[in-house]
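All remarks here apply to the structure that follows.
2 protein chains.
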Amino acid sequence: MGQVNSSAQRRAQDEDGQVEVLPKGIHDSSTPIRVGLLGVGTVGSQVARILTEQKEELQQRIGQPLEITGIACRNPEKVAFPWIDKTLLTTDTKYVATHSDILVELIGGLEPARSLVLKALESGASVVTANKALLAKYGPEIYRTAEEDGVDIYFEAAVGGAIPLVRPLRESLVGDKVTSVLGILNGTTNYILDEMTTKGLDFEVALKDAQAKGYAEADPTGDVEGEDAANKAAIVASLAFHTPVSIDDVTTEGITNITADDIALAQAEHKVIKLLAVVVNGEHGVSARVYPALIPDNHPLASVHGSYNAAFVHAQAADDLMFYGRGAGGAPTASAVMGDIVTVARHIVQGGTGPQISMYQNLPKAPLSTSRAAFAVRFRICDRPGILAAISKTFADHNVSINGINQDLKPTPHDPGYSGEQQTLRVVTHQCNETKLRETVEDVCKFDFVIGEPSILREM
Amino acid sequence: MGQVNSSAQRRAQDEDGQVEVLPKGIHDSSTPIRVGLLGVGTVGSQVARILTEQKEELQQRIGQPLEITGIACRNPEKVAFPWIDKTLLTTDTKYVATHSDILVELIGGLEPARSLVLKALESGASVVTANKALLAKYGPEIYRTAEEDGVDIYFEAAVGGAIPLVRPLRESLVGDKVTSVLGILNGTTNYILDEMTTKGLDFEVALKDAQAKGYAEADPTGDVEGEDAANKAAIVASLAFHTPVSIDDVTTEGITNITADDIALAQAEHKVIKLLAVVVNGEHGVSARVYPALIPDNHPLASVHGSYNAAFVHAQAADDLMFYGRGAGGAPTASAVMGDIVTVARHIVQGGTGPQISMYQNLPKAPLSTSRAAFAVRFRICDRPGILAAISKTFADHNVSINGINQDLKPTPHDPGYSGEQQTLRVVTHQCNETKLRETVEDVCKFDFVIGEPSILREM
Chain A
1132 MGQVNSSAQR RAQDEDGQVE VLPKGIHDSS TPIRVGLLGV GTVGSQVARI LTEQKEELQQ
1192 RIGQPLEITG IACRNPEKVA FPWIDKTLLT TDTKYVATHS DILVELIGGL EPARSLVLKA
1252 LESGASVVTA NKALLAKYGP EIYRTAEEDG VDIYFEAAVG GAIPLVRPLR ESLVGDKVTS
1312 VLGILNGTTN YILDEMTTKG LDFEVALKDA QAKGYAEADP TGDVEGEDAA NKAAIVASLA
1372 FHTPVSIDDV TTEGITNITA DDIALAQAEH KVIKLLAVVV NGEHGVSARV YPALIPDNHP
1432 LASVHGSYNA AFVHAQAADD LMFYGRGAGG APTASAVMGD IVTVARHIVQ GGTGPQISMY
1492 QNLPKAPLST SRAAFAVRFR ICDRPGILAA ISKTFADHNV SINGINQDLK PTPHDPGYSG
1552 EQQTLRVVTH QCNETKLRET VEDVCKFDFV IGEPSILREM
Chain B
1132 MGQVNSSAQR RAQDEDGQVE VLPKGIHDSS TPIRVGLLGV GTVGSQVARI LTEQKEELQQ
1192 RIGQPLEITG IACRNPEKVA FPWIDKTLLT TDTKYVATHS DILVELIGGL EPARSLVLKA
1252 LESGASVVTA NKALLAKYGP EIYRTAEEDG VDIYFEAAVG GAIPLVRPLR ESLVGDKVTS
1312 VLGILNGTTN YILDEMTTKG LDFEVALKDA QAKGYAEADP TGDVEGEDAA NKAAIVASLA
1372 FHTPVSIDDV TTEGITNITA DDIALAQAEH KVIKLLAVVV NGEHGVSARV YPALIPDNHP
1432 LASVHGSYNA AFVHAQAADD LMFYGRGAGG APTASAVMGD IVTVARHIVQ GGTGPQISMY
1492 QNLPKAPLST SRAAFAVRFR ICDRPGILAA ISKTFADHNV SINGINQDLK PTPHDPGYSG
1552 EQQTLRVVTH QCNETKLRET VEDVCKFDFV IGEPSILREM
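If you read the protein sequences in the order shown, they are chains A and B.
First residue of the first sequence: 1132, per the numbering used here; consecutive thereafter.
First residue of the second sequence: 1132, per the numbering used here; consecutive thereafter.
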């Protein structure tokens, strides 16, 4: 415990080692505000750097100095950033969590992050976190705890990295009614889809390339299956609609079934494929989904390239808004964390908190059975006579109206598993019920002429 | 005075008619927060509508009800919005300014707006304003007064309409170092330039079209000469760099000299022309400028069409960010005003204020003589032998290095004042000192073969 260097000697320490936090707003201007860090990886190390290198400027912006009083991590002995004072390093996460005015949680995951964040809030500390999984699962509990304890919980970095999105939803648009948010909120998948588009690569090749360049992790599941974006969708939906939406409410499709063919077909129609996180407050209730969508190439989201993220927000009065920027990376994410630290610190100096996150509505979740859209479904088939008739009939039997079928497409040479007898067949539907569409696709896949997995893309 | 319908009878009113404002943070949850409106035009009427129609939802978001207690305007008898209670209307701006908890100033202009805002702040009211001219001129005085009186001054709507830009600069990026902001912050000029681009129109034609469609005012000077964007540049620079920047510090060029030729020449180089507000914190100090610029057509700002606005922000850690949305219009601007009202109201409920706008730096203003850029200068000339030599020599004499000259361009048929003997000549320079460039252009314009005004475009 001795590693934690607290210069805040004015604080009385009782026998349990509990530190008595002074009432807010009465700190004098020379008293440092104690910042504790949990985690010192890509983001944490950058936060520590900015806190150290810009100490004086930050003090001027806040009115009191910030002081790192403890950095908890798994292997303190391996931390070798020149700007980090090694005496601050400790493995004692609990001590740091309960001996800070501002706890910055950057360890990620559900536990021990949840317990530590709750402990910190209960000890009277405000919390800044970038932990999307935590908030998507336990957001309401954490927000409620912060409110009950009269402290702040800020998490701009949890969604869209450096892009100010949480704060605009929480504050700027709070006098308006947000009706939908469409976000490109996962940089890895956007990079992969972009590479597939510009270089004609297939998914597997583009993924390997992204891994080689550090844009995708060794285990890319969380990104390419859409789970990362789903966590962000849950957080965004909760904020936008003032109603609790958990990761368990989000339906998620990833991009692993998308082929170079799909991209080429989209391009021919002046469209691009993007993995969207879509949250809507509609007539049947709130929905939060992640799926690959076909977007017209003149839509602002279509020009979000590489690992950039963006969120396209529609509100009743504000109309369309878009926020664009770096969705990941050490320094950009640290920028968002720093903005939150300064905001929270100003509240401490002033004696107050920011707006609490009130889930004052309990809107129904729109049942999946009410979901309607136009779809483009791509099958891979072994060509033979009668296929078109069989597929058309299956769609008709399910009452799904077809807008067009394209069978004479040559598969691209990049298409894996391709042999001369195989072909790509694509059905574009009119607006239809999604459940029916999925049942139709399932039935079509029972035919022995269908090879592998189809791709199902939604028209935006 | 009787017109002002204040139901807030708990407030003691002394003999001068001064209302005693209750200490913040001790209001009980049923006590309405008094909102006074100055101005009930396009924006004010929409603010009144949202305050009325979404009363209950706003109360839930804030924790206390908002109540419009007075609306001051020039001609109350002419106000006929069905949602506005006519008994609230008055011409007594001063009374409304000093009898509100939140004053919403939407009358625009310098006076009486300045006096009324200062009076309101001094009376203990927080102020929400959309008045860019006021803040660009008197911002520091107003921010200081708000800080001294412990109240809020919020003005998201003053820059970029519905786009959250002020709040991100004020809060989200406050832990980072903003180095530049490039903004398309005037919808009228963006609409005109867009029409010129897509329809090949000349400036005068596009302006008339914009006026007919309500995108430009009868007197378009403030927009097309860049003054409106200059006001916003001053506000943005102050916020971004924490240093006072006034409208008097902004150098401004408009778009009136831009012709269909200029647009066509830009398009041939895969560039678009946009009127940019550019604020930079550079090695020679802070600069704030408005000028028409050549932007590569794959830059995110190039796809900002019609009357949309956008701001492209670069910060040290966050890297590039863009904010996009409706920069004007009643409902979108009202959305920004409403976000501010709710934010300020929450502070009143909580007993505190948001971050004050501290101009803790006094950075030098970069002298114009240090400005460097590459330029594209388009002259209209009466063609005759020796012109190219004369112009080249003038550039050389001023030590401005030429990257390319294009003389054999056919003027477009849309070019006003064109006759068969005239031609367009365009000089593109390397990076050069702007003062030297302007002296060069001035000297070239002394030749009798130069007709009318040249256009000077800056490469982004």
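Glycine included, every Cβ here is placed at the ideal spot set by N, Cα and C.
A quick note: this is a predicted structure, and the numbers were derived from the prediction, not measured.
**Report entry** Contact list for D1450 of chain A against chain B, beta-carbon separation under 9 Å
**Finding:** Along the first sequence, read from residue 1 onward, the residue named residue 1450 of chain A stands at position 319. Within chain B, the residues near D1450 of chain A are A1293, G1456, R1457, G1460, A1462, P1463 and S1466.
Query raised in the report: Does any CB atom of chain B fall closer than 7 Å to the CB of T1566 of chain A?
Result: For the purposes of this step, residue 1566 of chain A is taken as residue 435 along the first sequence, with counting starting at 1. Output row for T1566 of chain A: interface = no.
Report task. Give a yes or no on whether 7 Å exceeds the smallest Cβ distance from R1165 of chain A to chain B. Result -> Position 34 of the first sequence, counted from the first residue, corresponds to residue 1165 of chain A. No, R1165 of chain A lies away from the interface with chain B (no Cβ there is under 7 Å from its Cβ).
Query raised in the report: What's the gap between the Cα of R1557 of chain A and the Cα of P1516 of chain A?
Result: What you label residue 1557 of chain A is simply residue 426 of the first sequence in a count that begins at 1. What you label residue 1516 of chain A is simply residue 385 of the first sequence in a count that begins at 1. Roughly 16 Å between the two C-alpha positions.
**Report entry** Whole-angstrom distance between V1174 of chain B and A1289 of chain B, CA atom to CA atom
**Finding:** By one-based count along the second sequence, residue 1289 of chain B stands at place 158. By one-based count along the second sequence, residue 1174 of chain B stands at place 43. Their backbone Cα atoms lie some 12 Å apart in a straight line.
Query raised in the report: Quick one: Cα of V1259 of chain B to Cα of V1297 of chain B, how far?
Result: Counting from one through the second sequence, the residue named residue 1259 of chain B turns up at place 128. Counting from one through the second sequence, the residue named residue 1297 of chain B turns up at place 166. About 13 Å.
Requested in this report: Spell out the partners DSSP gives G1485 of chain B in its beta bridges.
Outcome: As a first step, residue 1485 of chain B must be located in the second sequence, where it is residue number 354. Bridge partners of G1485 of chain B: none, in fact.
Query raised in the report: Does DSSP put P1585 of chain A in a helix, a strand or coil?
Result: In the first sequence, residue 1585 of chain A corresponds to position 454, counting from 1. Here P1585 of chain A sits in strand by DSSP.
Requested in this report: Spell out the partners DSSP gives I1404 of chain A in its beta bridges.
Outcome: As a first step, residue 1404 of chain A must be located in the first sequence, where it is residue number 273. The partner list for I1404 of chain A (beta bridge, DSSP) reads A:L1425.
Query raised in the report: Skipping 5 residues on each side, what residues in its chain have a beta carbon closer than 6 Å to that of D1579 of chain B?
Result: Within the second sequence, numbered from 1, the residue matching residue 1579 of chain B stands at position 448. Nothing meets the Cβ criterion.
Query raised in the report: Taking Cβ to Cβ, would you say I1404 of chain B is nearer than 7 Å to I1394 of chain B?
Result: Here residue 1404 of chain B corresponds to residue number 273 of the second sequence, with the count starting at 1. Here residue 1394 of chain B corresponds to residue number 263 of the second sequence, with the count starting at 1. In contact: I1404 of chain B and I1394 of chain B (Cβ atoms closer than 7 Å).
Query raised in the report: Should the segment 1248-1262 of chain A be called in touch with the segment 1279-1287 of chain A, which here means at least 3 C-beta pairs below 8 Å?
Result: yes
Report task. Please work out which residues of its chain come closer than 7 Å, Cβ to Cβ, to W1214 of chain A, disregarding the five sequence neighbours upstream and downstream, and give them in chain order. Result -> Here the question's residue 1214 of chain A lines up with position 83 in the first sequence. For W1214 of chain A, where only same-chain residues beyond five positions count, the Cβ hits under 7 Å are A1179, R1180, T1183 and E1184.
Requested in this report: Count the other CB atoms, across all protein chains shown, that sit within 10 Å of the CB of K1155 of chain B; report buried if there are 16 or more and exposed otherwise.
Outcome: The sequence position of residue 1155 of chain B within the second sequence is 24, counting from 1. Interpretation of K1155 of chain B is limited by its pLDDT of 46, a score under 50 that renders its predicted location unreliable; the figure taken from the coordinates is listed afterwards. K1155 of chain B is buried by the Cβ-count criterion.
Query raised in the report: Name the chain B residues that come within less than 8 Å of I1491 of chain A, Cβ to Cβ?
Result: Reading the first sequence from its first residue, position 360 is the one you call residue 1491 of chain A. It should be noted that the sequence gives Tyr, not Ile, for residue 1491 of chain A. Near Y1491 of chain A (Cβ distances below 8 Å), the residues of chain B are Q1191 and R1192.
**Report entry** Cβ-based neighbour list, H1545 of chain B, same chain, cut-off 7 Å, excluding 5 preceding and 5 following
**Finding:** Working through the second sequence from its first residue, we reach residue 1545 of chain B at position 414. Residue placement at H1545 of chain B is flagged as unreliable, the pLDDT there being 45, under the threshold of 50; the coordinate-derived value follows with that caveat. Closer than 7 Å at Cβ, skipping near neighbours: G1331, L1332, D1333 and A1391.
Query raised in the report: Taking Cβ positions, are S1176 of chain B and A1293 of chain B nearer each other than 7 Å?
Result: Numbered from its first residue, the second sequence carries residue 1176 of chain B at position 45. Numbered from its first residue, the second sequence carries residue 1293 of chain B at position 162. Not closer than 7 Å, so no.
Report task. Quick one: measure Cβ to Cβ for S1523 of chain B and E1565 of chain B, integer angstroms, because I've assumed they're closer than 8 Å. Result -> As a first step, residue 1523 of chain B must be located in the second sequence, where it is residue number 392. As a first step, residue 1565 of chain B must be located in the second sequence, where it is residue number 434. With a Cβ gap of about 20 Å, S1523 of chain B and E1565 of chain B do not count as contacting.
Query - Spatial distance of N1262 of chain B from K1363 of chain B (CA atoms) - result: For the purposes of this step, residue 1262 of chain B is taken as the residue at position 131 of the second sequence. For the purposes of this step, residue 1363 of chain B is taken as the residue at position 232 of the second sequence. Each residue's Cα considered, the two are about 10 Å apart.
Report task. Rank A:I1472, A:C1576, A:G1172 and A:T1560 by C-alpha distance to the C-alpha of M1591 of chain A and give the top, closest one. Result -> Within the first sequence, numbered from 1, the residue matching residue 1591 of chain A stands at position 460. Taking only the C-alpha atoms, the option nearest M1591 of chain A is A:T1560.
Query raised in the report: Residues in the segment 1367-1388 of chain A with C-beta within 9 Å of chain B's C-beta atoms, listed in sequence order?
Result: H1373
Query raised in the report: In whole angstroms, what separates the C-alpha of I1273 of chain A from that of L1252 of chain B?
Result: To locate residue 1273 of chain A, count along the first sequence from 1; it is residue 142. To locate residue 1252 of chain B, count along the second sequence from 1; it is residue 121. When rounded, the distance between both Cα atoms is 36 Å.
Query - Straight-line Cα distance separating H1230 of chain A from N1206 of chain A - result: Sequence index remark: in the first sequence, residue 1206 of chain A carries index 75 (1-based). Sequence index remark: in the first sequence, residue 1230 of chain A carries index 99 (1-based). If I take the Cα positions, the gap works out to 20 Å.
**Report entry** Beta carbon proximity, R1477 of chain A to chain B, threshold 7 Å
**Finding:** Residue 1477 of chain A sits at position 346 when you count from the first residue of the first sequence. Closer than 7 Å to some Cβ of chain B, the Cβ of R1477 of chain A qualifies, so yes.
Query raised in the report: Looking at the C-beta of V1473 of chain B, does it have a partner C-beta in chain A at a distance below 7 Å?
Result: Counting from 1 along the second sequence, the entry for residue 1473 of chain B is found at position 342. So yes, V1473 of chain B belongs to the interface.
Requested in this report: Report yes if the C-beta distance between N1321 of chain B and D1354 of chain B is below 7 Å; otherwise report no.
Outcome: As a first step, residue 1321 of chain B must be located in the second sequence, where it is residue number 190. As a first step, residue 1354 of chain B must be located in the second sequence, where it is residue number 223. No, Cβ-Cβ distance for N1321 of chain B and D1354 of chain B is not below 7 Å.
Report task. Put F1372 of chain A into one of helix, strand or coil per three-state DSSP. Result -> As a first step, residue 1372 of chain A is located in the first sequence; it is residue number 241 there, counting from the start. If DSSP states are grouped into helix, strand and coil, F1372 of chain A belongs with the helices.
Report task. Could you work out which residues of chain A lie near A1446 of chain B, taking near to mean beta carbons separated by less than 7 Å? Result -> Walking along the second sequence from the start, residue 1446 of chain B turns up at place 315. In chain order: S1466.
Report task. Alpha carbon to alpha carbon, how far is T1474 of chain A from A1267 of chain B? Give it in angstroms, no decimals. Result -> Locating residue 1267 of chain B in the second sequence gives position 136, counting from the first residue. Locating residue 1474 of chain A in the first sequence gives position 343, counting from the first residue. When rounded, the distance between both Cα atoms is 25 Å.
Requested in this report: Using three-state DSSP, classify C1513 of chain A as helix, strand or coil.
Outcome: Along the first sequence, one-based indexing puts residue 1513 of chain A at 382. Strand at C1513 of chain A.
**Report entry** Enclosing beta strand (DSSP E) for T1560 of chain B [first to last residue]
**Finding:** By 1-based counting over the second sequence, the position of residue 1560 of chain B is 429. T1560 of chain B -> beta strand (DSSP E) spans Q1553 to T1560.
Query raised in the report: Is the CB of M1591 of chain A under 7 Å away from at least one CB in chain B?
Result: For the purposes of this step, residue 1591 of chain A is taken as residue 460 along the first sequence, with counting starting at 1. It does not; no Cβ of chain B falls within 7 Å.
Report task. Name the two residues that bound the continuous beta strand (DSSP E) containing N1440 of chain A. Result -> Within the first sequence, the letter at position 309 stands for residue 1440 of chain A. Run containing N1440 of chain A: Y1439 to A1446, per the beta strand (DSSP E) assignment.
Query raised in the report: From what residue to what residue does the beta strand (DSSP E) around E1236 of chain A run?
Result: Position 105 of the first sequence holds residue 1236 of chain A. Counting along the chain, the beta strand (DSSP E) containing E1236 of chain A begins and ends at I1233 to E1236.
Report task. Look at V1468 of chain B and A1371 of chain B and say whether their C-beta atoms are less than 7 Å apart. Result -> If you number the second sequence from 1, residue 1468 of chain B lands on position 337. If you number the second sequence from 1, residue 1371 of chain B lands on position 240. Not closer than 7 Å, so no.
Query raised in the report: What do you get for L1425 of chain A, buried or exposed, if any count of 16 or more other CB atoms within 10 angstroms of its CB means buried?
Result: Along the first sequence, one-based indexing puts residue 1425 of chain A at 294. Counting Cβ neighbours within 10 Å, L1425 of chain A comes out buried, since at least 16 surround it.
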